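Participant:
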């Protein structure tokens, strides 16, 4: 085969590079995400950031993939997981700096801070609680039907209620965390229920609501949501297969009681 003339080869290369725009990498990342391939999705979002580091969409979506990857990492990989969450937080914070009125950026800050907090001890969770709540509320204020942010608020209430009584006393007495008084199982259930109303096919919404109901000693109300998880198709979240397994195990556990 004869080699292409230099001018033609350069033109071909330029055309190929031009095709790989940040927007196209973001679209490819979205497609990979809905194949539940977080690694491929993250690679595309990172490529988009290489081309445009101030892309709001690429920043918050890369942060989302990182948190999805992190939440599936076992405790034996704690150090690597902490690094993943730290990168997610940095990217989500940059998204907010790029667009302070974008709900998704604030939502991802709340998620990333919350995920970092869950890897820490009770006192660290207490210190992070206010920021998680504030960022999630900001996201809902900007987009009242943001089911992800509503889920975060549901989880915030549930996680506060799960803290040992002594930890909550310490938080209120010595850290001035009076916002802990606002947490309740009723609020957790309300936020999760609203998230499900907006996005009824989200497996994670149903699972976290069911877990909150079980912890609130409302097992019978949890069963329909766990049964619903078994019927729902897998979505774009890479964790959906794991969430289905967790829902099945929880349903079996409470059904034996």
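Numbering (our numbering), first residue to last: 2 to 258.
Every residue, glycine too, gets a C-beta built ideally from N, C-alpha and C.
None of these values were measured; they are calculated from a predicted model.
1. On the DSSP letters alone, give me the boundaries of the alpha helix (DSSP H) that residue 147 sits inside.
2. With residue 140 and residue 111 assumed to form a contact (beta carbons below 8 Å), what rounded beta-carbon distance in angstroms separates them?
3. Residue 238 by DSSP, collapsed to three states: which one?
4. For residue 82, which residues from the same chain have a beta carbon less than 7 Å from its beta carbon, with the 5 sequence-adjacent residues on both sides left out?
5. Reducing DSSP to helix, strand and coil, say where residue 37 ends up.
6. Go through the stretch 33-93 residue by residue and report every complete run of the beta strand (DSSP E) that reaches 3 residues or more, in order.
7. Residue 86 and residue 117 look like a contact to me (Cβ under 8 Å); what is the Cβ gap, rounded to whole Å?
8. Measure how close the beta-carbons of residue 146 and residue 199 come, nearest whole angstrom, since I'm counting them as under 8 Å.
9. Provide the residue span of the alpha helix (DSSP H) that contains residue 225, from first to last.
10. State the DSSP-derived secondary structure class of residue 120, mapped to helix, strand or coil.
11. Please report how far the alpha carbon of residue 251 lies from the alpha carbon of residue 211, in whole angstroms.
12. Would you mind sorting residue 76 into buried or exposed? The rule is 16 or more other CB atoms within 10 Å of its CB.
13. I need the DSSP call for residue 126, collapsed to helix, strand or coil.
14. Within 8 Å (strictly less), CB to CB, does residue 77 reach chain D?
15. Residue 183 lies in the alpha helix (DSSP H); which residues open and close that run?
16. Taking 8 Å as the threshold (C-beta atoms), are residue 109 and residue 129 in contact?
17. Which term fits residue 101, buried or exposed, when burial requires 16 or more other beta carbons within 10 angstroms of its beta carbon?
18. Could you check if residue 68 is buried or exposed, using at least 16 other CB atoms within 10 Å of its CB as the buried criterion?
19. Can you tell me whether residue 62 is buried or exposed, with buried defined as 16 or more other CB within 10 angstroms of its CB?
20. Which residues mark the beginning and the end of the alpha helix (DSSP H) in which residue 102 is found?
21. Taking Cβ positions, are residue 156 and residue 238 nearer each other than 8 Å?
22. Smallest Cα separation from residue 138: which of 162, 165 and 104?
23. Classify residue 182 as buried or exposed, calling it buried when 16 or more other Cβ atoms lie within 10 Å of its own Cβ.
24. Go ahead and pull the three-state DSSP assignment for residue 158.
Facilitator: Let's see:
1. Looking at the DSSP string, residue 147 is not in any alpha helix (DSSP H), and its letter there is neither H nor E.
2. At roughly 7 Å, the Cβ-Cβ gap stays under 8 Å, so residue 140 and residue 111 are in contact.
3. Assigned with DSSP and collapsed to three states, residue 238 falls in coil, not helix or strand.
4. Shown here for residue 82: same chain residues with a beta carbon closer than 7 Å to its own, the five before and five after excluded, namely 71, 74 and 120 in chain order.
5. Per DSSP, reduced to three states, the secondary structure at residue 37 is coil, with no helix or strand assignment.
6. For secondary structure counted as the beta strand (DSSP E) over 3 or more consecutive residues, the stretch 33-93 holds no complete run.
7. Approximately 5 Å separates the beta-carbon atoms of residue 86 and residue 117; this is inside 8 Å, confirming the contact.
8. Yes, residue 146 and residue 199 are in contact; Cβ-Cβ is about 5 Å, under 8 Å.
9. Here the alpha helix (DSSP H) through residue 225 covers 220-232.
10. DSSP places residue 120 in coil when its eight states are reduced to three.
11. Computed Cα separation, rounded: 9 Å.
12. Classification of residue 76: exposed, given that the 10 Å Cβ count is below 16.
13. In the three-state reduction of the DSSP assignment, residue 126 falls in the helix class.
14. Protein chain content of the structure displayed is limited to a single chain, and chain D is not contained in it.
15. For residue 183, there is no enclosing alpha helix (DSSP H), since its DSSP letter is neither H nor E.
16. In this structure, residue 109 does not lie closer than 8 Å to residue 129 by Cβ.
17. Its Cβ having fewer than 16 others within 10 Å, residue 101 is exposed.
18. Residue 68 is buried by the Cβ-count criterion.
19. With 16 or more neighbouring CB atoms inside 10 Å of its own CB, residue 62 falls in the buried class.
20. Note, residue 102: premise wrong, no alpha helix (DSSP H); not H, not E.
21. No; because the gap between Cβ atoms is not below 8 Å, this pair is not in contact.
22. Taking each of 162, 165 and 104 in turn and checking the Cα distance to residue 138, the smallest one comes out for 104.
23. The residue is exposed, with fewer than 16 neighbouring Cβ atoms inside 10 Å.
24. Residue 158: helix per DSSP, three-state reduction.
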